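The structure under discussion appears below in the form of structure tokens.
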Amino acid sequence: MAEARTEITLKCTVCGEENYITTKNKKAHPERFEINKFCPRCGKKTVHKEKR
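For reference, each letter of the sequence shown is one residue, going 1011 to 1062 in our numbering.
Structural data, given as structure tokens:
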């Protein structure tokens, strides 16, 4: 039986740095994940989107 949760990488929309790895349930939430997180390269909170 396959796992419902898959690992995704979050990428900063400002500088393009891949900063975070998390999991999500693709069956329950098929849309792309987007969240405000701190980017150490930019030095501020920026929008991070799911990398495809």
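Ideal placement from N, C-alpha and C gives every residue a C-beta, glycine not left out. Quick caveat, the model's predicted, so the values are computed rather than measured.
Annotation for C1049: the continuous beta strand (DSSP E) segment containing it runs 1044 to 1049. Of the candidates R1015, K1059, E1013, A1038, K1059 places its Cα closest to the Cα of F1048.
Its Cα nearest to that of T1032, the residue I1045 stands out among I1045, G1026, C1025, V1024.
By the criterion of a C-beta distance shorter than 6 Å, R1051 is surrounded in its chain by C1025, E1027, once the five residues flanking it on both sides are discounted. In the structure shown, the three-state DSSP call for R1062 is coil.
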